[in-house]
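Protein chains in written order, with this note's numbering: chain S, 1 to 375; chain H, 1001 to 1336. Even for Gly, the Cβ is constructed at its ideal location relative to N, Cα and C. Take a look at the structure below.
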Amino acid sequence: MRRCTRILLSWACLLALTTSLQAQDQKKEKSASEQQKKPAAAKPAEKPAADSKVKTRDLVINLYNPCGVAVQPDTGHVYISGSGYQRILRFTPPKENQMPTIAEVINGFPKDVYGKGPKYEIGPLGLVFVSKNLLAVGGGGNPDGKEVLWFFDVSQIKDQPIDTKAAKHVAGPIPKSEKTNRGEGNFYALAYDGKAIYITTNGDDTKGWIARCPINNGTPGKLELFIATKPQVETTDAPVGITLSPDGKLVVGQAGEINVPEDSLLCFYNIQTGKLELKLETPLYDIVALAYHPKSKTLYALDFAWMAPDKGGLFRLDVTTGQQPSLKVTKVLSLDKPTAMAFAPDGTLYITLIGTAKEGDKYKPGKLIEVTGLE
Amino acid sequence: MRKVWALGMCLVMGMQVGLWADEPYKLQIPPGLPPLKVPQDNPLTAKKVELGRQLYFDPRLSRDNTISCASCHDPTKGWSNGERFATGVRGQVGGRSAPTIINAAYNRFQFWDGRAGSLEEQALGPIQNPIEMDMTLEEVVAKLNKIEGYRRQFREVFGTDVTADGIAKAIAAFERTILSGGAPYDRYKAGDKNALSPAAVRGMKLFFGKANCAACHSGPNFTDNGFHNLGVGWNNKDPDLGRYLVTKQEGDKGAFKTPTLREIARTAPYMHDGSHKTLEDVVRFYNKGGNPNPYLDEEIFPLDLTDQEIQDLVTFLKEGLSSPNYPMVKPPQLPK
């Protein structure tokens, strides 16, 4: 544990902190010129306002396919799915007189390979805290029909990382049945409303299931299929991004096909009945994460943009409901294969991104970044 | 500022041309199909659709006056050609089968590999393809400008002589009227429980369930508009790499566009290389899990369908998706 901390700290965190300011400046210049090159008519990308107050900072670098992030209540510690190495990491943000740390805290998750080229090694995916110390982890390394949802009591983690065998509870799997012709897997993203966790899954593509796991007094119940999204939206499956709206709707980003551009849907489902209440077409490629700003209640989305990573990034989604619902999409940041995000209560946003490896790179290209100044 | 003003003028003038020349085409969207998105710069008008119909059926668009669009996309053959591959001028044969153009108006991409987006973008391709119609755009424009009937109609519709842009727009407008919906499946879905035979109902349930077809053939046009590798033709010496040729993404090797299944009973043989003669062949191919290869789509796996289930699925495809209002169009009188 000690050694691991040091390696990651020196490689990642310290380096990140000493160079992140530089890195950030370079990045700013680059993205400014990138923005200039964009044709003005590009559909989603009304370019970030020049006087934008939004600031980004690399917190952890050298991550391998990070695919999930959650902020622990009270402590503000940031948990990351280090999916490529099948582990969970904990980042403690810097405080006055206190250095940031990064540590491997849970390991031993199963591994899978996603995609046929590009290919991504993956393990654990979505993360969410269901209480002060109980962390839910969506699995991605098991085959469809065998995948599970793990629960870890993170207060039990001392000096050494713990193994998945030390999980406090395990929910699932959701095996093959009448309702799902292969069983479900790839528990991409999790949302928790105080009563249940809602999980986007990937298994039966004729259904595009969202699963639900009730939580009673801190104890998970049975993981079950909840909403078949595809029969309701008809065309698009692959629910991936998920969150809860301030008025209690389940908000789902349906990513559609990875090799089809601009086919993501933004859908609002009734959390009691599972009925689709609003479906909006977006100009985004693959919505993989959704989150509301805790103060302004503005909705943000991450677009992974599998087939055109230069189109990916953080987007602000302004939804107008009423007679003719509409959606305004504004690009806030260009990001290289972003995967997940979580707001801290003060409005600081943490984003994991996979990045792109370059020849001769010493580090893995994945990162945890911090975004401040969002409205 | 001046630019804006000039643009305004163009718009006003454009509108006037439209007003005096032509009336909107009253497109009937068959039941079960969604509203059609028509590009703003190519509205459907009655005369334009008629002009497009003539161009579509006119073999003079080809070098030796033998081949029209309808040679390969023939209304009497499901708007395909009934052959494994398409045969162009001088009997030359290409390497892919001719897809139907029924409901092509709803496609996000055109061609098996999706290399064209809109119908406008697509229409000039075959004219210039050396093994299809083998003309240059200058040649075809000059040739049609010598035909008084075309010059008159182009002036009425576009306010110009024959242009390549006008040819593309007129043909695309015509293609947008070739729609199939209102099939027994649509009536069943709308509540008429007698619209399908019991075997077709069983087949429909398999289609949307155990047989996994709706993983890709989804929505009103029975396509996700995506690209998938089923392994069709993968064992050939130089397999057609399909979508990969356009995107150069490794994972797209051997992936082809999911085609619509409406009017599927009329468009044999099947697949991008016409390698499956019957719908039963196709279903048996899926039942064994396609043709395994490193790029095989995750949604293709052995289905364990019984012979009875295979028959039911075929019945659904034939009976459920064939509309009594098939879009039959007769070849028009061609202008002189």
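Cut-off 8 Å between Cβ atoms - residues of its own chain near residue i, not counting five sequence neighbours on either side
i, result
"S:G373", "S52, K53, V54, K55"
"H:P1302", "N1287, K1288, G1289"
Of the listed residues the options, nearest to residue i (C-alpha basis)
i, options, result
"S:T356", "S:L59, S:P66, S:R57", "S:P66"
"H:A1255", "H:L1261, H:P1292, H:I1178", "H:P1292"
"H:R1155", "H:G1251, H:R1063, H:K1047", "H:K1047"
"H:L1230", "H:Y1270, H:W1079, H:G1052", "H:Y1270"
"H:A1268", "H:I1167, H:N1129, H:R1084", "H:R1084"
"H:E1263", "H:E1120, H:N1325, H:G1094, H:L1144", "H:N1325"
"H:F1174", "H:K1026, H:L1144, H:P1035", "H:K1026"
"S:G76", "S:F129, S:I122, S:E104", "S:F129"
"S:T282", "S:V78, S:S326, S:T298, S:D193", "S:S326"
"S:D346", "S:I287, S:F304, S:V371, S:E262", "S:V371"
"S:G84", "S:H293, S:R212, S:E147, S:L63", "S:L63"
"H:L1137", "H:A1168, H:G1088, H:S1118", "H:A1168"
"S:V137", "S:K111, S:Y188, S:K95", "S:Y188"
Extent of the continuous alpha helix (DSSP H) run through residue i
i, result
"S:P100", "Careful: S:P100 lies outside any alpha helix (DSSP H) and carries neither H nor E."
"H:L1119", "1119 to 1128"
"H:M1204", "1198 to 1208"
"H:Y1286", "1279 to 1287"
"H:D1186", "1184 to 1189"
"S:N216", "Per DSSP, S:N216 belongs to no alpha helix (DSSP H); it is in the beta strand (DSSP E), 209 to 216."
"H:I1167", "1164 to 1175"
"H:Y1150", "1148 to 1158"
"H:F1057", "1046 to 1057"
"H:V1140", "1137 to 1145"
Residue burial classification, residue i (beta-carbon count within 10 angstroms, cutoff 16)
i, result
"H:Q1110", "buried"
"H:K1277", "exposed"
"S:A291", "buried"
"S:S296", "exposed"
"H:M1328", "exposed"
"S:D237", "buried"
"S:M99", "exposed"
"S:N97", "exposed"
"S:R316", "buried"
"H:R1090", "exposed"
"S:N186", "buried"
"H:K1248", "exposed"
"H:E1120", "buried"
"S:E178", "exposed"
"S:I174", "buried"
"H:S1097", "buried"
"H:D1041", "exposed"
"S:V113", "exposed"
"S:Q324", "exposed"
Residue range of the beta strand (DSSP E) that includes residue i
i, result
"S:P239", "239 to 244"
"H:N1325", "Unbroken run through H:N1325: none, as it is neither H nor E."
"S:V128", "127 to 129"
"S:P283", "From DSSP, S:P283 is part of no beta strand (DSSP E); its letter is neither H nor E."
"S:V329", "326 to 334"
"S:P338", "338 to 343"
"S:L349", "349 to 353"
"H:L1245", "No beta strand (DSSP E) contains H:L1245, which is instead part of the alpha helix (DSSP H) from 1244 to 1247."
"S:Q254", "250 to 254"
"H:T1315", "Here H:T1315 belongs to no beta strand (DSSP E); instead the alpha helix (DSSP H) covers 1307 to 1315."
Cβ neighbours of residue i in the same chain (closer than 7 Å, five flanking residues each side left out)
i, result
"H:A1214", "F1207, F1208"
"H:L1261", "H1217, F1222, L1317, L1321"
"H:P1239", "G1233, G1254"
"H:K1330", "none"
Cβ-based neighbour list, residue i, same chain, cut-off 6 Å, excluding 5 preceding and 5 following
i, result
"H:W1079", "H1073, T1100, I1101, I1102"
"H:S1323", "S1180, G1182, A1183"
"S:V252", "P239, I242, C267"
"H:D1058", "S1068, L1334"
"S:P365", "G355, T356, A357"
"H:N1225", "R1108"
Beta-carbon separation (whole angstroms), residue i vs residue j, contact threshold 8 Å
i, j, result
"H:A1164", "H:V1141", "6 Å"
"S:V60", "S:L314", "Not a contact, Cβ separation roughly 18 Å."
"H:R1053", "H:P1294", "At roughly 45 Å, the Cβ-Cβ gap does not stay under 8 Å, so H:R1053 and H:P1294 are not in contact."
"H:D1064", "H:G1242", "Not really, about 31 Å apart at Cβ, beyond 8 Å."
"S:L284", "S:D303", "4 Å"
"S:V233", "S:L278", "About 11 Å; that fails the 8 Å criterion."
"H:R1152", "H:D1161", "At roughly 10 Å, the Cβ-Cβ gap does not stay under 8 Å, so H:R1152 and H:D1161 are not in contact."
heavy atom of ligand 2 below 7 Å from residue i C-beta
i, result
"H:F1285", "Questions concerning ligand 2 fall outside what the structure shown contains, since it holds no ligand whatsoever."
CB contact below 8 Å: residue i versus chain A
i, result
"S:V54", "Of the protein chains in this structure, namely S and H, none is chain A."
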